[in-house]
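J.: The sequence shown begins at 264 in our numbering and counts up by one. Idealized CB from N, CA, C, for every residue including glycine. I have a structure I would like to understand better, so I am pasting it below and will then ask my questions one at a time.
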Amino acid sequence: MAFANSLALISPSFPLHSSKNFTFSPKLPFRSPKIPLLILSCSSRKQAPSTEQEALKFIADSDGTTLPCVRTYENDLARLTLVGAVGFDQALTAAAADGGRAAAEHVDAGIPAMVIETVFPGSTAKNATVSTRLFLPARKVKEKAQKLKKSLSEDILAGTSSKNILAMTFRQVVMQKLWNFELVLFSPGTERDMDDLENPREVVASFTLSSSEESVISVLAEVVCVLALQSTERHFLDSLVGKTSSKFFQWFRKSNKVTSKDSSVVIYKAFEDEIVENAKSLLESFSSYKESLKTMDLRQKNYWWTPSMHSKLEKIGGHEFSALTSEFIPAYGLEVDANMLKDVKFEGGRKSDDNRWEVLLTHSQMVALADILDMYYEDVYSLPNKQLRCGVVANYNSLSKAKRSSSFLRIVSATIASGIFLITISTLSQFRFPHQHKGGKYPRESGSQPSSITESTPIQSINTEKLEASCLLVIQKIKDAFGWPGEISTETNLGAWIGEIPNYLKVPHQANSGGEDDSTNSADLEKINDDIKSSIQDVASYQVTLSSEGKLVGFQPTSRVGVNYWAVNPLAKELYGGRKLSPVGHITSFLHLSNKLAERGHKISFFLPTKLQSKFEPFNLHPNLITFIPVTIPHVNGLPPGTQTTADIPLSLQHLLLAAMDLTEPFIETSLRKLKPHFVFFDFTPWLPVLCQKLDIKSMFYYTISPATVGYLISPTRKILEKGLTGSDLMDPPPGFPSSSIKLRDHEARELAAQTMKEYDHGNNYNSFLVRQLTSLNECDAIGFKTCRETEGPYCDYIEKQFEKPVILAGPVLPEPPRKALDEKWEKLLSNFKAHTVIFCAFGSECVLNKNQFQELVLGLELTNLPFLVALKPPIGSETTDETTLQYSETGEVLRINHGKWKEFLLSPRA
264 MAFANSLALI SPSFPLHSSK NFTFSPKLPF RSPKIPLLIL SCSSRKQAPS
314 TEQEALKFIA DSDGTTLPCV RTYENDLARL TLVGAVGFDQ ALTAAAADGG
364 RAAAEHVDAG IPAMVIETVF PGSTAKNATV STRLFLPARK VKEKAQKLKK
414 SLSEDILAGT SSKNILAMTF RQVVMQKLWN FELVLFSPGT ERDMDDLENP
464 REVVASFTLS SSEESVISVL AEVVCVLALQ STERHFLDSL VGKTSSKFFQ
514 WFRKSNKVTS KDSSVVIYKA FEDEIVENAK SLLESFSSYK ESLKTMDLRQ
564 KNYWWTPSMH SKLEKIGGHE FSALTSEFIP AYGLEVDANM LKDVKFEGGR
614 KSDDNRWEVL LTHSQMVALA DILDMYYEDV YSLPNKQLRC GVVANYNSLS
664 KAKRSSSFLR IVSATIASGI FLITISTLSQ FRFPHQHKGG KYPRESGSQP
714 SSITESTPIQ SINTEKLEAS CLLVIQKIKD AFGWPGEIST ETNLGAWIGE
764 IPNYLKVPHQ ANSGGEDDST NSADLEKIND DIKSSIQDVA SYQVTLSSEG
814 KLVGFQPTSR VGVNYWAVNP LAKELYGGRK LSPVGHITSF LHLSNKLAER
864 GHKISFFLPT KLQSKFEPFN LHPNLITFIP VTIPHVNGLP PGTQTTADIP
914 LSLQHLLLAA MDLTEPFIET SLRKLKPHFV FFDFTPWLPV LCQKLDIKSM
964 FYYTISPATV GYLISPTRKI LEKGLTGSDL MDPPPGFPSS SIKLRDHEAR
1014 ELAAQTMKEY DHGNNYNSFL VRQLTSLNEC DAIGFKTCRE TEGPYCDYIE
1064 KQFEKPVILA GPVLPEPPRK ALDEKWEKLL SNFKAHTVIF CAFGSECVLN
1114 KNQFQELVLG LELTNLPFLV ALKPPIGSET TDETTLQYSE TGEVLRINHG
1164 KWKEFLLSPR A
């Protein structure tokens, strides 16, 4: 999708400059262009052009293998411009996709070369864009367009659609080789005019870095990535531990720095206290120009990377003051060693005597830089083979001998924080141990550091004996669960294990224990490196969180293989108390509807995964009319064996379950041919209404969610299939949407758009959530909702009008009371209260609150002065609700009980 006001920015002629020597140059609004574009691959042996007129002729006559391209990633505060080569044929095809209109205009005007630029919205910040500019021979584009017209429909080539298709085709042109790049950070407070993207911005740059080496981008992205991850982790842990102890621990914290593996780039983080003090100095003048700030889009609301001192600043001057500080007060120091990087040019900042360039950045600038780098590395159409250099595997032979002797217990890397310590059971991911830096506030040690290292002071290091005991405990749990034979082995310098240790872990220890003489030659060390890199793909690694008493309170995968087997790991089962929580709430709604239809004499065939049949049989109130048909879920690569529901896998693998469900189509078709039903109720199955049309069966897309949600997100007026969906699109309701109070925050809109439009390779056309939904809505015969016209009538009418299909409302579809009595203990408990006096609260099996939300909910219920039951999963970071809830109220009539059979409580006459 391109912006509506700038779907395809077309320059009618080659941009002319006053320079005598020819250069291809991107438009750099704040200074004279200095990025030369050289044609490096061409079938012609002609001499390279030296003037602009020669360049025009060179491009016009070109029949080589590549053409020049400029791709720019830009947001409010940063811009990354790449200049490189794209495939000749692909560029011609992309430019000819408009039917040759632009090329014909150039040819008719006698202009042999053409320059076309399109702008595409970025996936990160609100004002982020990705633009692609191609330099093309007009005559050859026109010839290509004539060939393409035979395969393109007239509606695509007519009207404004041609510009839309140019925006999409240009976006997918692959930059194969990089010639030059330029990275610019703009002055704090800079904002883009999204209504005027055709003209370059006249703004001041804080810092400019340019080079012909892609590795310079990589090493910069390395430190920015590590800094963002470390800051986010710290913010999360602070929130998890709580703010009550943060002031005490901050006395022991020192400023940290992140260093690239080759030590060429360093980011220093300023002291929080210094930032706060600098901000306080602005507090007095803040109120005087506070009104003028209202017109400025303070990007605080956009942050996925929250400043560490955010809460402090909000207490001092409120949200706007905190946002102002993040925008204008320096918080980081970026240092680049020009001696270590090839062909690097700088503008702005400060140069030291040893040829190091330093620049101060605000938090907003750092976030903008991270967003730009994220867009670049997520872009599969720019240098597809590029790699981010902050991977988990470090170059082992670059370690000093002292570091090579690090024991497994140090590799595990554990620290205590408020009674909780983390154990990383990954034998591959942590080969360095954080150490304290010495010296002043902004240390500048010049020693070589082999990896991206965050230097900081741990709050408290766990002693070796306790860490070894914890490792033994974890290994023992896994051994007992799987029934593995043999004894657990331990060694001081290796840790605890069962089975065989990989050679790449044993060799460094053996090399160190052999004496001071380092007999391990470079060939052996290189082999160790190769072993690590090849083995990492096959090792399942996890991070385990234990309380100081050794109680399991957290468990998460840290590798792709670990993700695949997370659900079946015995530690995951222990964490959830052995409960097998199936996401049956969604399917239950269909069974409730089936019971209501069966009451009226309809015969129902109910398809569901095999292992869920026994769970649903007690809720089948009409077994003579409702028949369960078990469906075997096929296996797909990457999906753990036996997976049938989303409860079996983490969220990151759910698209694989959808792919597996799609493979059941042959079985469903065979069954429908035999059953010959009149109607099929479905959801999340885009191929089913198409199948029903083939079999002459009516289909209904039955929703269990609100029609307001469906109308707001998936309205046809958004044209999602044609131009996609971005966070900016979701900030406003679709045209004609009924008046409502729906208002998404920027980060909510971006995340919702990213998740629902995220593409997966399923081997079919249903490659994202919204595509599946829209296909289902467009192909079905009717749309159904579990709601009432009295509550959501306007939204139902809107959907009916937009999709031009009947919308049928099922009402609340309340379930019938179960035919079996409550367990005796629950019946006895509820008998202590009068009928209709107990409040019940449940959010479903797949909703998990954080600790603050959980406590706020419980305290709010307590204010009713009525007894209540809460059926919720334990909050994030807690194993049970007992760790979170408060004591009984003074009335003694508050019931805080978490129990899986919440449906029975809900249907109790006393609730």
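(1) Below 6 Å CB to CB, which residues in the same chain sit around residue 988 once its five sequence neighbours on both sides are set aside?
(2) Within this structure, are the beta carbons of residue 444 and residue 345 separated by less than 8 Å?
(3) Closest to residue 1139 by CA distance: which of 1111, 878 and 938 is it?
(4) Any idea what DSSP makes of residue 973, helix, strand or coil?
(5) Pull up the distance between the alpha-carbon of residue 634 and that of residue 1014, whole angstroms please.
(6) Beta strand (DSSP E) containing residue 943: first to last residue?
(7) Distance, Cα to Cα, residue 933 vs residue 940?
(8) Assign residue 983 to one of three DSSP states: helix, strand, or coil.
(9) For residue 864 and residue 961, I'd like the C-alpha separation in whole angstroms.
(10) Measuring CA to CA, which of 588, 532 and 1105 is closest to residue 539?
(11) Output the distance between the C-alpha atoms of residue 1131 and residue 1104, rounded to the nearest integer angstrom.
(12) Who does residue 436 pair with in a DSSP beta bridge?
(13) Measuring CA to CA, which of 853, 625 and 328 is closest to residue 452?
(14) Could you tell me which whole beta strand (DSSP E) segments of length 3 or greater appear in the segment 576–650?
(15) Is it buried or exposed for residue 937, if we count other Cβ within 10 angstroms and need 16 for buried?
(16) Is there a C-beta anywhere in chain B that falls below 8 Å from the one on residue 905?
(17) Leaving out the 5 sequence neighbours to the left and right, which residues in its chain are closer than 7 Å to residue 979 when beta-carbon positions are compared?
(18) Quick check: the Cα distance between residue 1040 and residue 1059, rounded to an integer number of angstroms?
(19) What would DSSP say about residue 1089, mapped onto helix, strand or coil?
(20) Please determine, among 984, 946, 754 and 761, the residue with the shortest C-alpha to C-alpha distance to residue 739.
(21) Taking C-beta to C-beta, are residue 480 and residue 398 nearer than 8 Å?
(22) I'd like to know whether the C-beta atoms of residue 329 and residue 350 end up nearer to each other than 8 Å.
(23) Just to confirm my understanding: we take residue 336, look at its own chain, exclude 5 residues before and 5 after, and list those with CB closer than 6 Å. What are they?
(24) When you compare the CB positions of residue 1071 and residue 970, do they come within less than 8 Å of one another, or not?
(25) Tell me whether residue 431 sits in a helix, a strand or coil according to DSSP, three-state version.
(26) Helix, strand or coil: which one does DSSP assign to residue 906?
(27) Given a threshold of 16 other Cβ atoms within 10 Å of its Cβ, counted over all protein chains shown, does residue 1137 qualify as buried or as exposed?
(28) Ignore the nearest five residues each way along the sequence and tell me which others in residue 883's own chain have a CB closer than 6 Å to its CB.
(29) List the residues that DSSP assigns as beta-bridge partners of residue 893.
(30) What are the start and end residues of the beta strand (DSSP E) that includes residue 394?
(31) Determine which residues share a DSSP beta bridge with residue 760 and list them.
(32) Quick check on DSSP: helix, strand or coil for residue 461?
(33) I'd like to know if the segment 434–441 and the segment 597–612 are in contact, where contact means that at least 3 CB-CB pairs between them fall below 8 Å.
(34) Kindly give me the distance between the Cβ atoms of residue 861 and residue 885, rounded to whole angstroms, as I take these residues to be in contact under 8 Å.
(35) Measuring CB to CB, does residue 1100 end up less than 8 Å from residue 1129?
(36) Starting from residue 1020, trace the alpha helix (DSSP H) in both directions and tell me its first and last residue.
T.: Reading from the atomic positions:
(1) Position 725 of the sequence shown, counted from the start, is the residue given in the question as residue 988. Counting only Cβ-Cβ distances below 6 Å, and skipping sequence neighbours, we find 1016 and 1020.
(2) On the sequence shown, residue 444 is found 181 positions in, with the first residue counted as 1. On the sequence shown, residue 345 is found 82 positions in, with the first residue counted as 1. Yes, these two residues count as a Cβ contact at 8 Å.
(3) Residue numbering aside, residue 1139 sits at position 876 when the sequence shown is read from its first letter. With distances taken between Cα atoms, residue 1139 lies closest to 1111.
(4) If you number the sequence shown from 1, residue 973 lands on position 710. Residue 973 falls in the helix class under three-state DSSP.
(5) Against the sequence shown, residue 634 aligns to sequence position 371. Against the sequence shown, residue 1014 aligns to sequence position 751. The straight-line gap from Cα to Cα measures roughly 14 Å.
(6) Sequence index remark: in the sequence shown, residue 943 carries index 680 (1-based). 942–945 is the extent of the beta strand (DSSP E) around residue 943.
(7) For the purposes of this step, residue 933 is taken as residue 670 along the sequence shown, with counting starting at 1. For the purposes of this step, residue 940 is taken as residue 677 along the sequence shown, with counting starting at 1. The straight-line gap from Cα to Cα measures roughly 12 Å.
(8) As a first step, residue 983 is located in the sequence shown; it is residue number 720 there, counting from the start. Helix, per DSSP.
(9) Numbered from 1 along the sequence shown, position 601 holds the residue referred to as residue 864. Numbered from 1 along the sequence shown, position 698 holds the residue referred to as residue 961. Each residue's alpha carbon lies about 19 Å from the other.
(10) Translated into the one-based positions of the sequence shown, residue 539 becomes position 276. Looking at the Cα atoms, 588 is the closest of the given residues.
(11) For the purposes of this step, residue 1131 is identified with residue 868 of the sequence shown, where counting begins at 1. For the purposes of this step, residue 1104 is identified with residue 841 of the sequence shown, where counting begins at 1. Taking the straight line joining both Cα atoms gives about 8 Å.
(12) Translated into positions along the sequence shown, residue 436 becomes position 173. Answer is none; residue 436 lacks a bridge partner.
(13) Residue numbering aside, residue 452 sits at position 189 when the sequence shown is read from its first letter. Among 853, 625 and 328, the Cα nearest to that of residue 452 is on 625.
(14) 593–600, 607–611 and 619–625
(15) As a working note, residue 937 is residue 674 in the sequence shown. Exposed: under 16 other Cβ atoms inside 10 Å.
(16) No chain B is present in this structure, which holds just one protein chain.
(17) Taking the first residue of the sequence shown as position 1, residue 979 is located at position 716. Around residue 979: 1065 and 1066.
(18) Your numbering for residue 1040 matches position 777 in the sequence shown. Your numbering for residue 1059 matches position 796 in the sequence shown. Using only the alpha carbons, I get a separation of about 14 Å.
(19) As a position in the sequence shown, residue 1089 is number 826, starting the count at 1. Residue 1089: helix per DSSP, three-state reduction.
(20) Indexing the sequence shown from 1 puts residue 739 at position 476. Of the listed residues, the one whose Cα sits closest to residue 739 is 761.
(21) On the sequence shown, residue 480 is found 217 positions in, with the first residue counted as 1. On the sequence shown, residue 398 is found 135 positions in, with the first residue counted as 1. The answer is no: Cβ separation not under 8 Å.
(22) Locating residue 329 in the sequence shown gives position 66, where the first residue counts as 1. Locating residue 350 in the sequence shown gives position 87, where the first residue counts as 1. In contact: residue 329 and residue 350 (Cβ atoms closer than 8 Å).
(23) One-based indexing of the sequence shown puts residue 336 at position 73. Closer than 6 Å at Cβ, skipping near neighbours: 343, 393, 635, 638 and 639.
(24) For this step, residue 1071 is matched to residue 808 along the sequence shown. For this step, residue 970 is matched to residue 707 along the sequence shown. Against a cut-off of 8 Å, the Cβ pair of residue 970 and residue 1071 comes out as no contact.
(25) Mapped onto the sequence shown, residue 431 falls at position 168. In the structure shown, residue 431 sits in a helix (DSSP, three-state: H, G or I).
(26) Within the sequence shown, numbered from 1, the residue matching residue 906 stands at position 643. In this structure, residue 906 counts as coil in the three-state DSSP scheme.
(27) Here residue 1137 refers to the residue found at position 874 when the sequence shown is read from its first residue. Burial call: buried.
(28) In the sequence shown, residue 883 corresponds to position 620, counting from 1. 889, listed in sequence order.
(29) In the sequence shown, counting from the first residue as 1, residue 893 sits at position 630. 871.
(30) Along the sequence shown, read from residue 1 onward, the residue named residue 394 stands at position 131. Looking at the DSSP string, the run of the beta strand (DSSP E) that includes residue 394 is 392–400.
(31) The residue you call residue 760 lines up with position 497 of the sequence shown. Per DSSP, 752.
(32) Indexing the sequence shown from 1 puts residue 461 at position 198. Residue state, collapsed to three classes: coil.
(33) no
(34) Within the sequence shown, numbered from 1, the residue matching residue 861 stands at position 598. Within the sequence shown, numbered from 1, the residue matching residue 885 stands at position 622. Yes, they are in contact, since the Cβ atoms of residue 861 and residue 885 sit about 4 Å apart, within 8 Å.
(35) By 1-based counting over the sequence shown, the position of residue 1100 is 837. By 1-based counting over the sequence shown, the position of residue 1129 is 866. For residue 1100 and residue 1129, yes; Cβs fall inside 8 Å.
(36) Residue numbering aside, residue 1020 sits at position 757 when the sequence shown is read from its first letter. Looking at the DSSP string, the run of the alpha helix (DSSP H) that includes residue 1020 is 1009–1020.
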